[in-house]
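Structure record follows, encoded as structure tokens.
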Amino acid sequence: MTLETLRAPVLPALTAMNHFLTQELLSDVPFIQVISEHLTQNGGKRLRPLVLLLVADAFGFHESTEHIEIATVLEFVHTATLLHDDVVDESSERRGQITANAIWGNAGSVLTGDFLYSRAFQILARRNNIPVMRLLADTTNALSEGEVLQLTQAHDPHLTEPQYREIIRRKTALLYAAAAEIGARLATSDEMIHTQAHQYGLHVGLAFQLIDDLLDYTADPALLGKHVGDDLAEGKVTLPLLYTLQHTDPETRLHIEQAIQAGGSADVARIITAIRTTGADQYTLDAAKREATLALQTVQDWPHTSARTALAALTQFVWQREF
72 MTLETLRAPV
82 LPALTAMNHF
92 LTQELLSDVP
102 FIQVISEHLT
112 QNGGKRLRPL
122 VLLLVADAFG
132 FHESTEHIEI
142 ATVLEFVHTA
152 TLLHDDVVDE
162 SSERRGQITA
172 NAIWGNAGSV
182 LTGDFLYSRA
192 FQILARRNNI
202 PVMRLLADTT
212 NALSEGEVLQ
222 LTQAHDPHLT
232 EPQYREIIRR
242 KTALLYAAAA
252 EIGARLATSD
262 EMIHTQAHQY
272 GLHVGLAFQL
282 IDDLLDYTAD
292 PALLGKHVGD
302 DLAEGKVTLP
312 LLYTLQHTDP
322 ETRLHIEQAI
332 QAGGSADVAR
342 IITAIRTTGA
352 DQYTLDAAKR
362 EATLALQTVQ
372 DWPHTSARTA
382 LAALTQFVWQ
392 REF
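Each residue of the sequence shown is one higher than the one before, starting from 72 at the first, in this note's numbering.
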């Protein structure tokens with residue numbers, strides 16, 4: 072299943088969203104527009120807007136352009152986090168492109184991220200949909216908390232799997248959950264559907280992040296669009312490392328602990344070997360597949376539409392992807 076196939080049921084809405092997004096990037100401060108366009112025009116999967124649009128379509132929402140506007144809000148929030156993350160992580164490459172902070176510096180990247188956050192909430196305020204505003208405000212706050220948790224627990228080889236899962240729930244999965252729930256709230260007043268949609272997005276988001284963390288050690292850098300081993304270089308302890316630490320020999324465990332504490336990627340080749348030897352790669356893949364299965368189960372009883380078919384297929388895409 073390709074991204075193009077997943078997008079097909081809502082392609083007109085995605086096209087409209089891209090047009091609306093471009094209009095909302097307009098600013099009388101040229102520097103803001105240059106950086107914003109650099110980020111948004113360099114692609115990305117735009118899975119969060121896609122989830123919102125597919126869920127809304129699955130329940131027949133065609134009453135206004137609100138779904139298009141809020142899908143844009145999700146993309147702005149996500150893009151703002153990327154700007155800020157690249158500064159925190161001192162990243163120089165993302166999606167195969169030079170990062171904004173590497174081109175224009177940290178200050179410009181942070182401030183443009185702030186612009187995107189504020190523009191997102193300007194769009195929300197125009198609609199004045201209080202439940203959606205509240206949900207996105209809570210989600211954005213939790214996302215920020217997740218990033219702070221990750222920052223404060225970096226370089227800690229004693230991080231536990233529950234702690235790791237809480238980080239990825241907040242920093243990644245909750246925005247997917249919000250996307251799906253908002254799509255449902257726009258289309259139906261059925262609270263059970265709202266809950267199911269939230270759970271769908273949550274599990275898809277967890278699967279997505281688990282695979283992201285696995286790909287950091289196993290992907291082709293040309294497909295991934297960044298360097299393999301970046302997480303290790305930044306001291307981020309993710310599930311492949313956690314499992315390896317628990318199942319490797321004492322000498323390798325000590326070596327990995329020291330690499331986590333020191334940062335840098337000089338030892339990444341040896342650590343990748345340990346990840347494969349212990350089966351940590353398969354363990355992480357299996358964890359992602361379990362989350363994807365839980366996501367699929369939540370939409371099984373939804374109306375049989377092309378949008379629901381795409382939502383079901385997306386649960387496979389997130390764990391089968393290579394980038």
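We put the beta carbon where it would ideally sit given N, CA and C, even for glycine.
Burial state of residue i, where buried means 16 or more other Cβ atoms lie within 10 Å
| i | result |
| --- | --- |
| R256 | buried |
| F132 | buried |
| F279 | buried |
| E252 | buried |
| S180 | buried |
| S107 | buried |
| M263 | exposed |
| R78 | buried |
| F102 | exposed |
| H269 | buried |
| H265 | buried |
| E140 | buried |
Nonlocal neighbours in the same chain, by C-beta distance under 7 Å from residue i, ignoring five residues either side
| i | result |
| --- | --- |
| M72 | A384, Q387 and F388 |
| K307 | Q221 and A225 |
| N172 | D157, V158 and S180 |
Sequence-distant residues of its chain with Cβ nearer than 8 Å to residue i (five each side left out)
| i | result |
| --- | --- |
| E328 | P228 and L316 |
Inter-residue spacing [alpha-carbon to alpha-carbon] between residue i and residue j
| i | j | result |
| --- | --- | --- |
| R379 | E75 | 15 Å |
| R298 | P292 | Per the sequence presented here, residue 298 reads as His, with Arg not at that position. One C-alpha to the other measures close to 6 Å. |
| D301 | H326 | 17 Å |
| Q353 | Q193 | 44 Å |
| F25 | D357 | Examination of residue 25 is not possible in this model, given that the chain is present from 72 through 394 alone. |
| Q94 | N199 | 20 Å |
| D160 | E137 | 34 Å |
| A304 | T150 | 23 Å |
| S98 | R190 | 10 Å |
| P374 | R119 | 21 Å |
| T323 | A196 | 53 Å |
Cβ shell of residue i (< 6 Å), same chain only, five flanking positions each side left out
| i | result |
| --- | --- |
| Y288 | P311, I343 and I346 |
| E232 | L313 |
**OP:** Mind the definition here: the stretch 170-190 touches the stretch 144-160 only if three or more C-beta pairs lie below 8 Å; say whether that holds.
**Re:** yes
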